[in-house]
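Read through the structure below, which is laid out as structure tokens, and then see the notes.
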Amino acid sequence: DAKTTQPPSMDCAEGRAANLPCNHSTISGNEYVYWYRQIHSQGPQYIIHGLKNNETNEMASLIITEDRKSSTLILPHATLRDTAVYYCIVRVGGGGSNYKLTFGKGTLLTVNP
Amino acid sequence: NAGVTQTPKFRILKIGQSMTLQCAQDMNHNYMYWYRQDPGMGLKLIYYSVGAGITDKGEVPNGYNVSRSTTEDFPLRLELAAPSQTSVYFCASRTQGALNTEAFFGQGTRLTVV
Numbered sequence: 025d026a027k028t029t030q031p032p033s034m035d036c037a038e039g040r041a042a043n044l045p046c047n048h049s050t051i052s053g054n055e056y057v058y059w060y061r062q063i064h065s066q067g068p069q070y071i072i073h074g075l076k077n078n079e080t081n082e083m084a085s086l087i088i089t090e091d092r093k094s095s096t097l098i099l100p101h102a103t104l105r106d107t108a109v110y111y112c113i114v115r116v117g118g119g120g121s122n123y124k125l126t127f128g129k130g131t132l133l134t135v136n137p
Numbered sequence: 006n007a008g009v010t011q012t013p014k015f016r017i018l019k020i021g022q023s024m025t026l027q028c029a030q031d032m033n034h035n036y037m038y039w040y041r042q043d044p045g046m047g048l049k050l051i052y053y054s055v056g057a058g059i060t061d062k063g064e065v066p067n068g069y070n071v072s073r074s075t076t077e078d079f080p081l082r083l084e085l086a087a088p089s090q091t092s093v094y095f096c097a098s099r100t101q102g103a104l105n106t107e108a109f110f111g112q113g114t115r116l117t118v119v
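Quick mapping for you: the protein sequence lines, in order, are chains A and B. Residue numbers in the first sequence follow the numbering used here, run continuously in steps of one, and reach 137 at the last position. Residue numbers in the second sequence follow the numbering used here, run continuously in steps of one, and reach 119 at the last position.
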């Protein structure tokens, strides 16, 4: 699976949009971009994933650049409860051993009042 | 739906003791996984299973064993606990059906070996 690079930490004001970048310059054509988050000491929680088109769900939006070498997770109106470590993961689709989700250190997003 | 349930939530073991971390899911997921997370670090895959009776090693399997006799349960066994196994353990599951589906994680078991 392709390696990802994320900033170690970011701050965001409550109510503002949080934009979390992820660099995956070695991504292959069949690799998807996934985002998970981990609120303090809890199990990771799935947020969103995409291949090449931008995606949106009730939690967030995912913007993937045209060359697919980077992406941005957008939390449109961050709240204090969004304070968490956000993981960007790139992996090939499918199950079994292809599902070795490799978690790096992620980005600690702190939402300030 | 309870999702993925891990027990116990906390445990203190003495060096050399053994224990089993329990993981159960009620979503009829084929794929199940065990991860460990050391302080300030990401998650590392210990073992995974693609269905009942089938298990395989992940990145850090040494010192652990697993079994998968049913779809619902995926216990993780520590035979001779060592201080290096002090960590938070997460179990996860995922459905087989679609090509790309999300993983559901349990709330973790915090293990301390002294």
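Glycine included, each C-beta is placed from N, C-alpha and C at the ideal position.
Inset, instruction - Could you work out which residue in A:Thr-107, A:Ala-41, A:Val-57 is closest to Leu-73 of chain A when comparing CA atoms only? - result: For the record, residue 73 of chain A in the displayed sequence is His; it is not Leu. If we check each option's Cα against that of His-73 of chain A, A:Val-57 comes out closest.
Legend entry - Beta-carbon gap between Gly-128 of chain A and Tyr-110 of chain A smaller than 7 Å: no
Inset, instruction - Determine which residues of the stretch 48-67 of chain A have a Cβ less than 9 Å from any Cβ of chain B, and write them out in chain order. - result: Tyr-56, Tyr-58, Tyr-60, Gln-62, Ser-65, Gln-66, Gly-67
Inset, instruction - Determine the closest residue to Pro-66 of chain B out of B:Gly-113, B:His-34, B:Leu-83, with distance taken between C-alpha atoms. - result: Closest by alpha carbon: B:Leu-83.
Legend entry - Beta carbon of Ile-51 of chain B nearer than 7 Å to that of Gly-68 of chain B: Against a cut-off of 7 Å, the Cβ pair of Gly-68 of chain B and Ile-51 of chain B comes out as no contact.
Legend entry - Length of the line joining the Cα atoms of Leu-18 of chain B and Met-24 of chain B: 8 Å
Legend entry - Exposure label - Pro-68 of chain A; buried when at least 16 CB within 10 Å: buried
Legend entry - Validate contact between the stretch 31-45 of chain B and the stretch 87-103 of chain B using beta carbons, cut 8 Å, 3 pairs: yes
Inset, instruction - Return the first residue and the last residue of the beta strand (DSSP E) that Glu-55 of chain A is part of. - result: 55-62
Legend entry - C-beta neighbour in chain A for Gly-113 of chain B, strict 7 Å: By this cut-off, Gly-113 of chain B is an interface position.
Legend entry - N-terminal and C-terminal residue of the beta strand (DSSP E) that Thr-25 of chain B is part of: 24-30
Inset, instruction - Measure from the C-beta of Gly-47 of chain B to each C-beta in chain A and report whether the shortest distance is under 7 Å. - result: yes
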